[in-house]
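Residue numbering for the sequence shown follows my numbering, beginning at 1 and increasing consecutively.
Even for Gly, the Cβ is constructed at its ideal location relative to N, Cα and C.
All values reported here derive from a predicted model rather than from experimental measurement.
Taking it in order: structure first as structure tokens, then the write-up.
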Amino acid sequence: MMEFVLVGFSDSPHLQWVLFAVFLLMYVTILICNSIIILLIRYDPHIQTPMYFFLSHFSFLDICYVTITIPRMLMDIFSQKGNISLLSCAAQMFFVLVLGGTECLLLTAMAYDRYVAICHPLNYALVMNHKVCVQLVAASWISGIPVEIGQTYQIFSLPFCGSNRINHFFCDIPPLLSLACGDTLLNEIAVYIVAVVFVMLPFLLIIASYTKIVSNILKMASARGRVKAFSTCSSHLTVVVLFYGTASITYLQPKRNQSEGIGKLLSLFYTILTPTLNPVIYTLRNKDIMQALRKVLGKL
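Here's what the structure looks like:
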């Protein structure tokens, strides 16, 4: 088999141009909003702290993440064709998996940053120095690359001798495994292991961090202090729930139990909808970002 056909949303022909307009608007929104966040953090000295250093990388990650899927999807809707070569499909799947793993690890680093800030405020500047922040970000970006090279090679080494139609809007593991011939048990086990390492373990570390954070906040004597501490964590926690909730269901559910329609809907959440909401969640609930934005708009 030399190519696949991404079915995408061709089963809803009456909605094709509506979907094209919606996804194009979402893509432009993600590019503009995340770029504004990156520029504000880069040029406003008042918000050049570890928390915003992580947030700027998170915004850049969201731009990369959606660029892997949405432009291709828009092209398929516009051309009414979904043909994608084997190599392009493998490359797309590799980058989606690497960037998804990076997002899990970066969210964990952000949770650790909040844990140190709230539970060990006196040592915060010492523990979360610039070198540590750079190391955490670098580890988040690099860690998944060798693993996902192996997983992508393993998936595309399978024989695809049946249909070449992928009932999805991008090349993802569950729909590709459903097209493979023969026994895919070893591949499913590998998917579970990688999902546990890059999804479940970071999620458990985030839960452990927030357990400590909540415990520490409840011990605060000042009600105003408790509200301020909760507000600094609420945005991050909302993003964690949205991203991890849908991604874990997609990759930890057995292939035979997955509904293709539900799988497509869940993928829409963690690959497109969550990155669209992230800038809104982080800016509307963040006084520092809003203040920096008002300062820039005032100058303009």
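| Check | Outcome |
| --- | --- |
| Distance between F23 and D113 (C-alpha atoms, nearest Å) | 33 angstroms |
| For S10, the three-state DSSP class (helix, strand or coil) | coil |
| Distance cut-off 7 angstroms: F54 Cβ against heavy atoms of the ligand MN | Ligands are entirely absent from the displayed structure, and the ligand MN is therefore not among its contents. |
| C-alpha gap between S235 and K264, whole angstroms | 26 angstroms |
| Top-ranked residue by Cα proximity to T246, from M290, Y52, A195 and G298 | A195 |
| Member of S163, V5 and N278 whose CA lies at the smallest distance from the CA of S88 | V5 |
| Close Cβ partners of I289 (< 6 angstroms) along its chain, the five nearest in sequence each way excluded | T283 |
| Own chain, CB closer than 6 angstroms to T238, minus 5 neighbours either side, in chain order | I281 |
| Burial state of F203 (16 or more Cβ within 10 Å) | buried |
| Rounded C-alpha distance that separates F169 from S267 | 9 angstroms |
| Anticipated Cβ contact below 8 angstroms, A139 with L186, distance rounded | The pair is not a contact, with the Cβ atoms about 28 angstroms apart (cut-off 8 angstroms). |
| Identity of the residues DSSP links to E3 by a beta bridge | S85 |
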